[in-house]
Amino acid sequence: MAAEGFTHPRLAAIYDPLDPDRGDLDAYVRIAEELPARQALDIGCGTGVFALLLADRGIEVVGVDPARASLEVARGKPGSERVRWIHGDATRLPPLRVDLATMTANVAQAIVDPRMWRATLRGACRALRPGGLLVFETRDPARRAWEEWDRERSYRVSEIRGVGAVESWVEVIEASGPLVTFRWTYVFAADGQVLTSDSTLRFRERQEIEADLTAQGFAVDDVRDAPDRPGREFVFLARRPAAGRA
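Mapping the sequence shown onto my numbering, position 179 (from 1) lands on 789, and the numbers just tick up by one.
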């Protein structure tokens with residue numbers, strides 16, 4: 611289930627203005643260019659920022675997301691007609707043969723159910739052509755990033771065109787084993803409305819992810835550092851073998 615920040619129309623509409631710096635996507639763009647990718651699948655595409663970056667480079671893109679409100683934002687952006695938008699997830703995709711499949715930002719960690727996680731990896735593998743690449747990132751649990759998620763360090767007031775001032779902050783609700791649940795709070799100055807969005811992320815160990823990828827038909831090509839968060843995240847590059855199962 612997608613968090614309210616992606617499913618509530620008012621929150622989906624301010625998602626991009628609240629996080630305008632998407633330098634974290636640069637590494638994914640470089641990988642797409644190095645392949646080079648002609649067709650790509652963006653799993654958990656959200657408001658379409660990365661899908662449209664790829665489309666701008668002439669890549670045929672399919673963006674899939676379970677949050678209809680986020681997809682509506684994506685469809686309203688310039689150039690959105692160049693992307694095929696699908697409301698759903700990677701477990702039920704039409705027949706595809708893409709060069710590149712991606713899960714950017716928190717997408718991989720937001721798939722907390724182990725069965726859903728394995729099904730997502732299988733779906734990504736089926737969507738890739740033989741030799742195609744799956745790329746995604748996940749935080750290193752050893753760095754305990756959630757210990758920095760509090761109101762004091764996250765509080766800010768953002769001025770958003772057409773919306774006005776919006777206060778926002780995050781607080782951890784529960785950290786239990788590999789699961790961390792946190793809540794974003796948003797206060798709209800225009801009318802005083804307060805909205806919250808609860809999310810849960812699963813912090814998987816590197817060895818666990820490598821085993822999951824192998825079990826679902828992938829060969830792990832590389833595990834890199836995230837350029838925007840050095841020493842804090844793993845970036846996995848997993849390939850569907852040319853003669854492997856889908």
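Just so you know, even glycine gets a beta-carbon here, dropped at the ideal spot from N, CA and C.
Note that the structure is a prediction, hence the values are computed from the model and not measured.
Assigned secondary structure, residue i (DSSP; H/G/I helix, E/B strand, else coil)
i	result
Glu643	helix
Tyr625	helix
Trp727	helix
Asp760	coil
Tyr638	helix
Asp709	strand
Val797	strand
Phe828	coil
Gly802	coil
Thr791	strand
Asp822	helix
Gly854	The pLDDT assigned to Gly854 is 45, lower than 50, so where the model puts this residue is not dependable, and the model offers no usable value.
Gly841	coil
Arg732	helix
Nearest to residue i (by Cα), restricted to the options the options
i	options	result
Val679	Arg842, Arg754, Gln817 and Ile624	Here the sequence assigns Ala to residue 679, which means Val is not the residue at that position. Considering only alpha carbons, the answer is Ile624.
Leu745	Pro751, Arg753, Arg754 and Cys735	As written in the sequence, residue 745 is Val, which differs from the Leu given in the question. Checking every option, the nearest Cα to that of Val745 belongs to Cys735.
Phe844	Leu664, Ala752, Ile653 and Leu663	Ala752
Arg761	Ile783, Leu664 and Ala661	Ile783
Ser764	Thr795, Val773, Asp626 and Ala647	Thr795
Val671	Pro630, Ala647 and Asp634	Ala647
Asp631	Ala829, Asp838, Leu789 and Pro705	Asp838
Arg702	Glu757, Ala737, Ala852 and Gly741	Ala737
Ala852	Arg739, Phe813 and Gln826	Arg739
Met713	Pro704, Pro705 and Gly733	Gly733
Gly741	Gln649, Gly633 and Ala665	Gln649
Val804	Thr791, Gly787, Pro704 and Ala775	Ala775
Ala718	Gly673, Phe813, Gly689 and Arg620	Phe813
Glu758	Val773, Glu769, Ile770 and Val790	Val790
Buried versus exposed, by CB contacts within 10 Å (16 or more), residue i
i	result
Thr748	buried
Arg850	buried
Met726	exposed
Val767	exposed
Asp652	buried
Ala642	buried
Asp730	Note that residue 730 corresponds to Thr in the displayed sequence, not to Asp. Buried, by the Cβ-count rule.
Gly854	Unreliable placement is indicated for Gly854, whose pLDDT of 45 sits below 50; no coordinate value is reported for it.
Leu743	buried
Ser786	exposed
beta-carbon residue i near the ligand MG non-hydrogen atom, thresh 7 Å
i	result
Asp832	Here there are no bound small molecules, and the ligand MG is not part of this structure.
### Message
Give the list of continuous alpha helix (DSSP H) stretches no shorter than 4 residues that lie fully inside the stretch 645–697.
### Response
659–666 and 678–685
### Message
I'd like to know if the stretch 830–847 and the stretch 802–812 are in contact, where contact means that at least 3 CB-CB pairs between them fall below 8 Å.
### Response
no
### Message
I want to know whether the stretch 702–711 touches the stretch 682–692 - three or more CB-CB distances under 8 Å.
### Response
no
### Query
Do the stretch 691–707 and the stretch 662–678 touch if we need at least three Cβ pairs shorter than 8 Å?
yes
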